[in-house]
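These notes concern the structure reproduced below.
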Amino acid sequence: MKIITLFLLCLSTIAQAGPAIQTWETSNGAKVYFVPAPELPMADIRVVFDAGSAREGKKWGLASMTTGLLTEGADGLSAEQISEYFEDIGAQVDSGSLRDMAYLGVRTITEQKNFETALEGLSKVLTKPDFPEAAFERQKKRTLIGLQQKKQSPSSIAEDAFYAAIYGDHPYAHPTSGNEQTVNNIAREDLVAFYKEWFTAKNAIIAIVGDLNTEQAKQAAEKVLGQLPAGKAAPSLPPVKDLTEGKTIKINHPSSQTTILIGQTGMKRGDPDYYALYVGNHSLGGSGLVSRLSDEVREKRGLSYSVYSYFLPMREKGSFMSGMQTRNDQVEEATKVMKDTINNYLVKGQTEKEFTASVKNITGGFPMRIDNNSKIVEYLSVIGFYQLPLDYLDTFIGKIEALTIDQTRDAMKRRLHPDKMVTVIVGGNAGKAKEGTES
Amino acid sequence: MFHKLKIVLSVLLLGQSGFLSAASSEKTQEFKLDNGLKLIVQEDHRSPVVVTQVWYKVGSSYEHEGITGLSHMLEHMMFKGTKEVKPGEFSRIIAENGGRENAFTNRDYTAYYQQLEKSRLPVSFKLESDRMRNLIISDEEFMKERKVVSEERRMRTDDSPQSLTYETFQATAYQTSPYRNPVIGWMADIMHYEPQDLRDWYGMWYAPNNATVVVVGDVDAEKVHQLALKYFGPLKPEKLAVLKDRPEVKQTGEKRIVVKDDAKVPCLLMGYKAPSLVEAKARPKVIPEQDIYALEVLASVLDGGNSSRLTKNLIRGQEVASSASASYSMMSRLGSLFLFDGTPAHGQTIEALEKAIRAEIEKVKNEPLDEQEIDRVKTQVITSNIYQKDSVYYQAMVIGILETVGLSWHDRDEYVDKVKAVTADQVQAVARKYLVNDHLTVAVLKPVPAQKEQLSANSK
């Protein structure tokens, strides 16, 4: 006890502001978010479109393929030439496609010639993609192999089943990589059409962090997206229906360990309960080893290596998911412990000790959220895409500290309904006998 | 366009790296305590945070048959309490101080780290110095945690066909070297640990004279030094065990294995025995240091990015691979492997993939390399060196690894220049010297449907 008191003596509130965010629009309507970071001679520029899998209708896998193909051919340059183009200047390109958003960005040094070349390259792939037939066919095949590989992973199988169960026929329900049937049915024209519809300036935000002044950032943003049609912002997505009854889904899989997921629909970005739920969930399963779930499942019973719970806020209601993996013959016990822990936690609410510890961990750890350029680019992407207030980072600590334990308990109780949750259990096939190796 | 880029390149190559190396060295300082503990502090004032890592010179390559995975198990037990701090309390204290923490075990090291707001560094030092010498391993905590480790093994390896293949591959490629054993340990070994095994292992290896503390962040080096003296200074050193030398016997012919598992997609692993920087420094007459850096460049020529040969020729060109990569780790303590791995493209066979990879290897050996290819690799190394400075965590990792495998953090500052000095001829020469069939191990993952028999006993 003595040691703990000593450690808590010098605790003071860290009243830290976030980085100063500048914002404006490009001439064709893309919103730009910029944070100058002069200490290192580099810059990150990321463009985010409201063009995730939620926009692909029945053509599951289309959004992912479209984003993935942007760097495989643009402005007459082949995939080869594009790769060499960026790598000759030591620039790194990364892209991704999720349910809400699709993004593509570049990391480059700010040495003038390199920087200008990087911007030009980024502009080409974003505004003049060719979607070459050969590249498209190749990518389709790679996607099909990827789908096969997913079937080897109990956690991937579980996650796909979980999303399907909590979302029903909502655009969030299906996997972002699609399935074999839907991917096989996608044609090149579908990518061209998807790109034309969703990759427009008014449907984009640009996040810039780096050794630039405001004028340079303004020019960079124009350079990158200036040639894109203005288009329009994507319409809102249909609301997510909450679950009305509990459900258990069991999927046999030849693994020695079973993956268990328990959860439901969660919250939106900008949800009024956001902070209360964040703190409320933290001591349930959001704080790693010191959470209630970890304590009950791992520390006390050794049932799982990894156990967690989290809210994933999205444009419409994201998920609330808790999970763990345990040896097949422990599934019944593990599922019971998970459910009992969640139930007890909600009935009584987090304890005073848990509440205080959560607030301290979240506020005390705030500096690490924004301690490098990569992390700041991520935040700008989220703030810009979800139109969070520009002072989101500045007010973060204050909002957490303003919470009371009654508020966190109340929010968790109101929003989480164990009797209506989905339980997904994948594994349990006792047929996993390894044949060993042959030479 | 390309001509213009070449000008940019040479400006870059001449201008940037030297300046950056000098800047790094100025801000990194080394201190040695009387009890043998080494402290390395790098000041980085970009954000008010600090990452603090404690690196122990012990890992799976220090273990022997029957106790594989013990270092990793001990890593888990390090969170289970000392005389002063109850089990689980360590993590609670760090969490309450807003910190993020974790630990990892590898073949050559075990490291513990926290990321904290800069003023909380004393919290870390107090806790780390305490568990460096005062850990209590109770039978009860041990029994529970062993279950957790067995679940971890199932999650990471047993239920992952590709990981299982890699594990079997390593155990085949290495015959007498301790690198043949998995870091997490064989399941049978895990299930036969006794608490005393852990206590003995802890007593043998966890001591100030077997540890390096690395601190990177918004700190003052001398103040950190004073803090280290206060907390780590009083700890007594240990007479360390002398590890028996267990060299890998010479491989005189190709090894091939097949791993059958309930996978959906086959995969291929190929590994050629290759030297590491530690070996080159130990035997400069046999292994010139430039070989190491030439191997680094070779790995990048083959798989340094989207324009590299494997992606260009196997994924795009011939469309024989869905994925194909090459890697080489220069920082292992006991030698290295030059690795290739890949999955065949839809409708292609593993045999075709292997053939294609071998053809690329022959090409490098027999056809002169394009200067532009080499320059491209070097440019990426230079810019990566800049990008890495964005992460205090990464910078601490590099220092920690170098110091713990028997190198020096100073080697980091020479890296870029040594890569720059590599010539196309040297890259070709190391391909001929090391990518030799008689030193090759090949593993193929062959998907088979699930069997109906019960789980074997040793999985429980």
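Taken in order, these protein sequences are the chains called S and W.
No gaps in the numbering here: position 79 of the first sequence is 79 in the numbering used here, and each next residue is one more.
No gaps in the numbering here: position 202 of the second sequence is 1202 in the numbering used here, and each next residue is one more.
Glycine residues also receive a C-beta, built at the ideal position from the N, C-alpha and C atoms.
Bear in mind that the values here come from a model prediction, so they are computed numbers and not experimental data.
Under three-state DSSP, which class holds residue 18 of chain S?
-> Residue 18 of chain S: coil per DSSP, three-state reduction.
What are the boundary residues of the beta strand (DSSP E) that residue 1062 of chain W is part of?
-> Run containing residue 1062 of chain W: none; DSSP gives neither H nor E here.
Can you check the segment 1166-1229 of chain W for any alpha helix (DSSP H) of at least 4 residues that lies completely inside it and give the ranges in chain order?
-> Runs of the alpha helix (DSSP H) lying entirely within the segment 1166-1229 of chain W, each at least 4 residues long, are 1187-1191 and 1195-1205 in chain order.
From W:1210, W:1444 and W:1427, residue whose alpha carbon lies closest to that of residue 1367 of chain W | Nearest C-alpha to residue 1367 of chain W: W:1427.
Three-way DSSP call (helix, strand, coil) for residue 327 of chain S in this model = Residue 327 of chain S falls in the strand class under three-state DSSP.
Would a C-beta distance cut-off of 9 Å place residue 70 of chain S and residue 125 of chain S closer than the cut-off?
-> Their beta carbons are under 9 Å apart, which means residue 70 of chain S touches residue 125 of chain S by this criterion.
Would you decide whether residue 1054 of chain W is buried or exposed? Buried here means 16 or more other CB atoms lie within 10 Å of its CB.
-> Result: buried.
Minimum Cβ-Cβ distance from residue 89 of chain S to chain W less than 9 Å | Closer than 9 Å: yes.
C-alpha gap between residue 1220 of chain W and residue 1031 of chain W, whole angstroms = Looking at the two C-alpha atoms, the distance is approximately 13 Å.
Per DSSP, residue 249 of chain S is paired with what?
-> Answer by DSSP bridge pairing, in chain order: S:424.
Give the straight-line distance between the Cα atoms of residue 1105 of chain W and residue 365 of chain S, rounded to the nearest whole angstrom.
-> Taking the straight line from one Cα to the other gives about 25 Å.
When you compare only the Cα positions, how much space is there between residue 150 of chain S and residue 304 of chain S?
-> Near 22 Å, if we compare the C-alpha coordinates of residue 304 of chain S and residue 150 of chain S.
Relative to the alpha-carbon of residue 167 of chain S, which residue among S:316, S:405 and S:387 has its alpha-carbon at the smallest distance?
-> Of S:316, S:405 and S:387, the smallest CA-CA separation from residue 167 of chain S is found for S:316.
Could you tell me whether the segment 1142-1162 of chain W touches the segment 1237-1257 of chain W, where touching means 3 or more Cβ pairs closer than 8 Å?
-> In short, these stretches do not touch, since the Cβ pair count stays below three.
Return no unless some Cβ of chain W is closer than 9 Å to the Cβ of residue 408 of chain S.
-> Chain W, which has no Cβ nearer than 9 Å to the Cβ of residue 408 of chain S, makes this no.
Would you check if the segment 144-161 of chain S and the segment 89-100 of chain S touch, i.e. whether three or more CB-CB distances between them fall below 8 Å?
-> In this structure the segment 89-100 of chain S does not lie against the segment 144-161 of chain S, because fewer than three pairs of beta carbons, one per stretch, are closer than 8 Å.
Starting from residue 31 of chain S, follow the beta strand (DSSP E) in both directions and report where the run begins and ends.
-> Start and end: 31-36.
So which residues on chain W does residue 103 of chain S lean against when the C-beta distance must stay under 7 Å?
-> Chain W residues near residue 103 of chain S: none, gap ~17 Å exceeds 7 Å.
Under 6 Å Cβ to Cβ from residue 1204 of chain W, same chain only, skipping five residues before and after it: list those, please.
-> Only 1241 meet the Cβ criterion.
Using 8 Å as the threshold, is the segment 1367-1377 of chain W in touch with the segment 66-82 of chain S, meaning 3 or more CB pairs across them?
-> The count of Cβ pairs closer than 8 Å, one atom from the segment 1367-1377 of chain W and one from the segment 66-82 of chain S, stays below three, leaving the stretches out of contact.
Measure from the C-beta of residue 107 of chain S to each C-beta in chain W and report whether the shortest distance is under 9 Å.
-> At a cut-off of 9 Å between C-beta atoms, residue 107 of chain S counts as an interface residue with respect to chain W.
Would you please verify whether the beta carbon of residue 1152 of chain W is less than 9 Å from any beta carbon of chain S?
-> It does: the Cβ of residue 1152 of chain W has a partner Cβ on chain S nearer than 9 Å.
State yes or no: is the beta carbon of residue 309 of chain S nearer than 9 Å to at least one beta carbon in chain W?
-> No, residue 309 of chain S does not count as interfacial toward chain W.
State the Cα-Cα distance for the pair residue 1447 of chain W and residue 1270 of chain W, rounded to the nearest angstrom.
-> So the alpha carbons of these two residues sit roughly 18 Å apart.
Got a sec: is the Cβ-Cβ distance from residue 1311 of chain W to anything in chain S below 9 Å?
-> So yes, residue 1311 of chain W belongs to the interface.
Check whether the Cβ atoms of residue 253 of chain S and residue 157 of chain S sit closer than 9 Å, and answer yes or no.
-> A distance below 9 Å separates the beta carbons of residue 253 of chain S and residue 157 of chain S.
Taking the alpha helix (DSSP H) that residue 1132 of chain W falls in, what are its first and last residues?
-> Looking at the DSSP string, the run of the alpha helix (DSSP H) that includes residue 1132 of chain W is 1121-1133.
Element boundaries [alpha helix (DSSP H), containing residue 154 of chain S] = Where residue 154 of chain S is concerned, the enclosing alpha helix (DSSP H) stretches over 154-167.
Measure the C-alpha to C-alpha separation of residue 1012 of chain W and residue 1379 of chain W and round it to an integer number of angstroms.
-> Confidence at residue 1012 of chain W is low in this model, with a pLDDT of 45, below 50, so the placement of that residue should be treated as unreliable; the coordinate-derived value is given next. Spanning the alpha carbons of residue 1012 of chain W and residue 1379 of chain W requires a straight line of approximately 8 Å.
Helix, strand or coil at residue 107 of chain S according to DSSP, with G and I counted as helix = Taken through DSSP and simplified to helix, strand or coil, residue 107 of chain S comes out as strand.
Using the Cα positions of residue 1361 of chain W and residue 132 of chain S, report the straight-line distance between them to the nearest angstrom.
-> Their Cα atoms are separated by approximately 29 Å.
Taking only beta-carbon atoms, is residue 1363 of chain W less than 9 Å away from chain S?
-> Residue 1363 of chain W does not count as touching chain S.
Use the C-beta contact count for residue 1397 of chain W: other C-beta atoms within 10 angstroms, 16 or more gives buried, fewer gives exposed.
-> Burial call: buried.
Among the residues of its own chain, which have a CB less than 8 Å from the CB of residue 359 of chain S, if the five just before and after it don't count?
-> These residues qualify, in order along the chain: 279, 400, 401 and 403.
Identify which residue in S:127, S:39 and S:121 has its Cα closest to the Cα of residue 66 of chain S.
-> Nearest of S:127, S:39 and S:121 to residue 66 of chain S, Cα basis: S:127.
By how many angstroms is the C-alpha of residue 288 of chain S removed from the C-alpha of residue 1261 of chain W?
-> When rounded, the distance between both Cα atoms is 32 Å.
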